[in-house]
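Please read the structure below before turning to the comments.
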Amino acid sequence: MKNNNFEPKIVAFVCNWCTYAGADLTGTSRIKYSSNVEIIRFPCTGRIDFMLLLKAFSNGADGIIVSGCHPNDCHYTSGNLHARRRWIIFRTLLDFIGINIHRITFTWVSAAEGAKWAEVVNQTTNKIKELGPYEL
Amino acid sequence: MDKINKIATELLATGKVQIIIGYAEGSKGRIRPFFARNEKECEKLIFDERCVQNLAVYLYKEETSRRGQQAIVANISTLRGIIRLTTEKQIKEDDLIAIIASDKEQPFEAHTFEDIENYLSNQTFQLNESDKTLLEQLNAMTPSERRTFWQNEMENCIRCYACRQACPLCYCSQCVVEVNQPQWIPATANRTGNTEWHIMRAMHLAGRCVECGQCGKVCPENIPIHLLPIRLAEEMKILYGSTTGISKDENCEMSTYKHEDTENFIG
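Residue numbers (our numbering), protein chains in the order written: chain A, 541 to 676; chain B, 327 to 593.
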């Protein structure tokens with residue numbers, strides 16, 4: 541299903557304290573990045589339930605970015621560490637069921653890493669363009 | 327096994343318990359769960375190699391618990407279910423009498439959870455041969471082969487939720503699939519929704535599954551869905567060395583974290 545005109549829909553689940561502020565910095569620094577991404581702000585990565593990721597896929601997302609504070613930087617001390625463990629298990633399950641785990645990008649982006657955010661989005665967009673539309 | 331009937335009759339006669347959860351002969355040579363409430367009904371209780379159902383699922387049901395003190399005929403998976411339910415504070419510690427039964431030895435009573443833990447510490451837990459082979463086969467496949475395998479299987483799911491009902495650890499009074507605002511998972515049986523349902527079930531059982539395989543056994547479409555939580559349990563054993571349903575002091579690995587958890591997939 542490779543299509544050169546394919547513009548993937550990417551949903552980014554980000555935490556309010558680090559990545560959302562980081563994405564803000566990308567904008568205020570006038571760094572250009574792919575417009576395929578739609579950002580959804582959460583209080584913390586610990587709030588990002590795997591059901592939300594499934595919901596995003598079933599509502600037409602081709603790729604997902606999940607991003608939050610670096611370890612030890614969490615506004616709520618350990619939300620990102622709880623989330624990290626959940627992702628490890630979720631990835632194991634997706635892999636076992638045969639869903640391409642590369643469709644979900646997990647990353648830490650701090651409030652100072654505006655440039656990294658642009659890079660993450662661009663890389664993910666290119667990757668999903670190669671993978672093609674998502675089908676379950 | 328007459329010994330089971332003897333123990334059961336005595337427990338009911340002395341008034342120690344009001345109801346005994348056990349197995350009885352069903353129709354067409356099948357086994358059914360049986361609830362003995364008086365001495366006469368105790369005659370029907372049996373235990374043999376066909377009694378594999380996990381009876382722990384009845385312990386917290388209103389219909390049985392309201393009758394008073396309970397005793398339960400327990401095989402290994404039931405015992406693990408009991409321990410896990412205690413860990414999760416679903417049943418009160420030492421609030422039931424377990425009649426530990428196996429094909430190898432005579433049944434005996436366990437009055438405290440320490441007795442159960444001691445008994446379990448001497449047991450080995452192994453998947454049955456066919457599950458083991460299938461799990462190995464699946465692990466050896468490429469992701470796209472696994473995808474084809476599961477897609478074909480998920481196509482058959484009729485969403486009867488027997489897997490949920492049979493699982494001793496699926497005890498939420500309201501399940502996510504019964505909520506329609508928001509509708510997390512489509513209620514109709516289609517491949518996408520079915521896959522989402524089984525992903526959800528496995529995730530909710532991660533770090534809690536006692537590996538009785540009951541969900542797969544009750545599936546009317548014979549989908550090997552028990553392999554999903556079992557695969558996660560296997561992974562968690564490797565990653566965190568966790569056990570489930572063996573000691574009541576174990577915690578749920580999904581509600582905790584370690585600073586040294588792997589991060590190799592996070593960019």
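Backbone N, C-alpha and C fix where the C-beta goes; we use that ideal spot for every residue, glycine too.
Residues near Y312(B) by beta carbon distance below 6 Å, same chain, minus five either side: Examination of residue 312(B) is not possible in this model, given that chain B is present from 327 through 593 alone.
Tell me, please, whether the CB atom of D635(A) is closer than 9 Å to any CB atom in chain D?
The displayed structure is made up of protein chains A and B, and chain D is not among them.
- Query: Quick one: is A652(A) buried, meaning 16 or more other Cβ sit within 10 Å of its Cβ, or exposed?
  - Reply: exposed
**Item:** Under 7 Å from the C-beta of P469(B): neighbouring residues of chain A
**Value:** D635, G638 and N640
Item checked: Exposed unless 16 or more other CB atoms sit within 10 angstroms - verdict on H307(B) -> Within the shown structure, residues of chain B are numbered from 327 to 593, placing residue 307(B) beyond reach of any answer.
Inset, instruction - Give the C-beta separation of S607(A) and V649(A) to the nearest angstrom, bearing in mind that I take them to be a contact with Cβ-Cβ under 8 Å. - result: 5 Å
Those residues which DSSP pairs with G608(A) across a bridge: W648(A)
field: Spatial neighbours of T335(B) in its chain, beta-carbon cut-off 7 Å, leaving aside the 5 residues before and after
entry: E365 and C368
Complete runs of the alpha helix (DSSP H) confined to the segment 500-540 of chain B [at least 4 residues]
517-531
Notebook entry, point to check: Mind checking T459(B): buried by the 16 CB within 10 Å criterion, or exposed?
Noted result: exposed
key: For V551(A), the three-state DSSP class (helix, strand or coil)   = strand
Exercise for the section: Give a yes or no on whether 9 Å exceeds the smallest Cβ distance from K669(A) to chain B. Expected result: no
Residues within the segment 463-490 of chain B neighbouring chain A, beta-carbon criterion of under 9 Å
L464, N465, M467, T468, P469, S470, E471, R472, R473, T474, F475, W476, Q477 and M480
Problem set entry | the segment 504-517 of chain B touching the segment 414-434 of chain B, judged by at least three CB pairs closer than 8 Å | no
| field | Minimum Cβ-Cβ distance from I604(A) to chain B less than 9 Å | value | no
Using 9 Å as the threshold, is the C-beta distance between I409(B) and S581(B) below it? no
key: Supposed close pair I579(A), A601(A) - CB separation, criterion 8 Å   = With 8 Å as the limit, I579(A) and A601(A) do not qualify as a contact, their Cβ atoms being about 12 Å apart.
* To do: For E525(B), count neighbouring C-beta atoms within 10 Å of its own C-beta (all shown protein chains included) and say buried if the count is 16 or more, exposed if not.
  => Per the sequence shown, the amino acid found at residue 525(B) is Ile instead of Glu. Buried, by the Cβ-count rule.
* Asked: Taking the Cβ atom as the reference point for each residue, do K572(A) and A655(A) lie within a distance shorter than 9 Å?
  -> no
State the CB to CB distance for the pair T468(B) and L676(A), rounded to an integer number of angstroms; the pair is presumed to be in contact (CB under 8 Å). Contact doesn't hold; Cβ gap of about 18 Å is too wide.
Review point. Can you find a C-beta in chain B that's less than 9 Å from the C-beta of L565(A)?
Key: no
task = Pull up the distance between the alpha-carbon of R625(A) and that of Y583(B), whole angstroms please.
result = 6 Å
Is the CB of R534(B) under 9 Å away from at least one CB in chain A? no
Subject >> Every unbroken alpha helix (DSSP H) within the segment 539-568 of chain B, with a cutoff of 4 residues, ordered by chain >> reply: 540-544 and 553-566
Item to check | Element boundaries [alpha helix (DSSP H), containing G407(B)] | outcome: I402 to T413
Item to complete: State the beta-bridge partners of E435(B) as determined by DSSP.
Response: I425(B)
Self-check item: Inter-residue CB distance, I333(B) and L453(B) (contact presumed, cutoff 8 Å)
Solution: So it is not a contact: roughly 30 Å between Cβ atoms.
- Task: Any chance you could list the beta strand (DSSP E) runs of at least 3 consecutive residues sitting entirely within the segment 434-474 of chain B, in chain order?
- Result: 434-436
Report task. With a cut-off of 8 Å on the beta carbons, I'd call N482(B) and I549(B) a contact; round off their distance for me. Result -> 6 Å
- Query: Of all the CB atoms in chain A, is at least one closer than 9 Å to the CB of V544(B)?
  - Reply: no
Rounded straight-line distance, which links the Cα of I442(B) to that of G407(B): 11 Å
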